[in-house]
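Numbering (this note's numbering), first residue to last: 961 to 1101. Where a beta carbon is used, it is the ideal one built from N, C-alpha and C, also for glycine. Fair warning: this is a prediction, and the values are worked out from it, not measured in the lab. Below is one structure; the comments refer to it alone.
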């Protein structure tokens, strides 16, 4: 997307997850939880590799690289219920924290190669996940 590629990437991930990802929460069977966590970790590792390769062509954290947005959104929804409210809130909170880059996201962004490209989004996703859990507890979701 020539306009707001990070937002478009995160939205694309949200739509893809809505239709393709299983609903896995912390209450799911332990084997399912472990397999899902391993899948997310494997995707983050793949995103680091892909970002490193893309960086060689486009430069560090170029707008054309959006696989990091996918990794961050995956983390923002990790083990949360699958609902439109949760996904919409996760999307907004993830984009906000990815743009604001609270500590240590900004510092993570300066890591070399694909690790720096992806790490700040993973940190932003973790912040979004925690904020969403606080909101859910306060709202009684």
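Asked: contact_flag[the segment 1040–1053, the segment 1014–1027] where n(CB pairs < 8 Å) is 3 or more; Found: no
Asked: Limits of the alpha helix (DSSP H) - the one that residue 1077 falls within; Found: 1073–1099
Asked: The segment 979–999 contacting the segment 1058–1077, beta-carbon criterion three pairs below 8 Å; Found: no
Asked: Classification of residue 974 by the beta-carbon crowding that lies within 10 angstroms, buried from 16 upward; Found: buried
Asked: CB of residue 1054 within 8 Å of CB of residue 970, strictly; Found: yes
Asked: Cβ pair residue 1064, residue 1083 closer than 8 Å; Found: yes
Asked: Helix, strand or coil at residue 1036 [DSSP, three-state]; Found: helix
Asked: Contact belief for residue 1080 with residue 1066 at Cβ below 8 Å, rounded distance in angstroms; Found: 7 Å
Asked: DSSP-derived helix/strand/coil call for residue 1058; Found: helix
Asked: Separation of residue 1041 from residue 989, as counted between CA atoms; Found: 14 Å
Asked: N- and C-terminal bounds of the alpha helix (DSSP H) containing residue 963; Found: That residue, residue 963, is in no alpha helix (DSSP H); it is neither H nor E in DSSP.
Asked: Assigned exposure category for residue 1008 - 16 Cβ within 10 Å defines buried; Found: buried
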